[in-house]
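In UniProt numbering, the protein residues as written are 1 to 177.
C-beta atoms are modelled at their ideal positions from N, C-alpha and C, and glycine is treated no differently.
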Amino acid sequence: MHSTLRDATTPYTNRCVSLKSHQIMNIKIRNAELEDLAELQNLFSDTIMETCQNEYSLNQRKVWSNAVKKTEKWNKSLKEEFFIVAENDGMIVGFSSLKNENYLNLMYIHKDFTRKGIASRLYENIKTKSIEYGTKKLSADVSKTARPFFEKLGFRVLKENKNIVDNEIVINYNMSE
Numbered sequence: 001m002h003s004t005l006r007d008a009t010t011p012y013t014n015r016c017v018s019l020k021s022h023q024i025m026n027i028k029i030r031n032a033e034l035e036d037l038a039e040l041q042n043l044f045s046d047t048i049m050e051t052c053q054n055e056y057s058l059n060q061r062k063v064w065s066n067a068v069k070k071t072e073k074w075n076k077s078l079k080e081e082f083f084i085v086a087e088n089d090g091m092i093v094g095f096s097s098l099k100n101e102n103y104l105n106l107m108y109i110h111k112d113f114t115r116k117g118i119a120s121r122l123y124e125n126i127k128t129k130s131i132e133y134g135t136k137k138l139s140a141d142v143s144k145t146a147r148p149f150f151e152k153l154g155f156r157v158l159k160e161n162k163n164i165v166d167n168e169i170v171i172n173y174n175m176s177e
C-alpha cells in the first residue's frame with residue numbers, strides 16, 4: 001500500500017495551475033534541512049508582515065516576526081521536529097512542522113503562493129506523520145489569518161490566547177481537531 005507521507009525519500013510533485021499567472025507550478029514536499037534556515041526565517045518574517053496585515057497591526061506583526069531572531073530555537077525545531085518544506089522550482093514557498101507527535105507547531109506559506117493548495121499538501125503530510133505516531137487529533141495555536149483554513153480542516157477553537165510580546169497583545173487561537 002502506498003503511503004501518503006512524502007519526505008526526502010519519496011518526493012511528491014503537485015502540478016497545479018496558478019490562477020494569478022496561469023503558469024504551471026511544480027510543488028515538491030521534502031524534509032527541511034539545517035541549510036534551509038535562512039530561507040525559512042525570511043519566509044516566516046515576510047509572511048507575517050505581508051499576509052497578516054488585515055488582522056494584526058504593524059506593531060503586532062513586528063513583535064511577532066521578531067521571533068525569527070531566535071536562531072537556536074529554529075535550529076532545535078529543525079533537528080527535533082518533523083519539519084517539511086514545499087518547494088517551487090527550488091524556492092521554498094511554504095513550510096510546516098509537527099512537534100511532540102500531535103502539535104502542529106508551524107505553518108507558513110509565501111504571500112505569492114497562498115490559495116494554491118500548498119498549505120493543504122503540507123497539512124496532509126503532517127497529519128499522515130501524526131497518524132504514524134498513533135495520534136488521533138492534532139492541535140495548533142493558530143493566527144487570526146489562518147483560523148478559517150484550520151476551521152475548514154475541522155479544527156475548532158478551544159481557547160483564545162492573548163500573548164503579550166514586547167508590550168503588544170498578539171491574539172491567536174488554540175485549536176484542535
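Which residues in the same chain have their Cβ closer than 7 Å to the Cβ of phenylalanine 149, if we skip the five residues on either side of it in sequence? So the qualifying residues of the chain are Ala119.
Could you tell me which residues DSSP pairs with leucine 98 in its beta bridges? The partner list for leucine 98 (beta bridge, DSSP) reads Phe82 and Leu104.
Beta strand (DSSP E) containing asparagine 161: first to last residue? Where asparagine 161 is concerned, the enclosing beta strand (DSSP E) stretches over 156-165.
For a quick check, are the C-beta atoms of glutamate 177 and lysine 152 less than 8 Å apart? Contact annotation: glutamate 177 and lysine 152 have beta-carbon atoms that are not nearer than 8 Å.
Counting Cβ pairs closer than 8 Å, one from the region 108-127 and one from the region 65-81, do we hit at least three? No contact exists between the region 108-127 and the region 65-81.
The region 47-66 in contact with the region 163-174 per 3-pair CB rule at 8 Å: Between the region 47-66 and the region 163-174, the count of Cβ pairs shorter than 8 Å is three or higher; the stretches touch.
Can you give the Cα-Cα distance for aspartate 141 and phenylalanine 113, rounded to whole angstroms? Between the alpha carbons of aspartate 141 and phenylalanine 113 lies a gap of roughly 22 Å.
How many Å lie between methionine 175 and glutamate 35 at the Cα? One C-alpha to the other measures close to 31 Å.
Tell me whether serine 21 sits in a helix, a strand or coil according to DSSP, three-state version. In this prediction, serine 21 scores a pLDDT of 40, lower than 50, which makes its location untrustworthy; no coordinate-derived value is stated.
Go ahead and label isoleucine 131 buried or exposed: buried means 16 or more other beta carbons lie within 10 angstroms of its beta carbon, across all protein chains shown. Taking every protein chain shown into account, the CB of isoleucine 131 has fewer than 16 other CB atoms within 10 angstroms, so this residue is exposed.
Can you give me the start and stop residues for the beta strand (DSSP E) that tyrosine 123 sits inside? Premise fails: tyrosine 123 lies in the alpha helix (DSSP H), 118-132, not in any beta strand (DSSP E).
Best match in Lys144, Gly154 and Arg115 for proximity to asparagine 161 [C-alpha to C-alpha]: Residue Lys144 holds the alpha-carbon nearest to the alpha-carbon of asparagine 161 among Lys144, Gly154 and Arg115.
With distances taken Cα to Cα, identify the nearest neighbour of glycine 90 among Arg147, Asp46 and Glu39. Glycine 90 has its Cα closest to that of Glu39, out of Arg147, Asp46 and Glu39.
State buried or exposed for valine 85, treating a residue as buried only when at least 16 other CB atoms are found within 10 Å of its CB. Taking all protein chains in view, the Cβ of valine 85 is crowded by 16 or more other Cβ atoms within 10 Å, so the residue is classified as buried.
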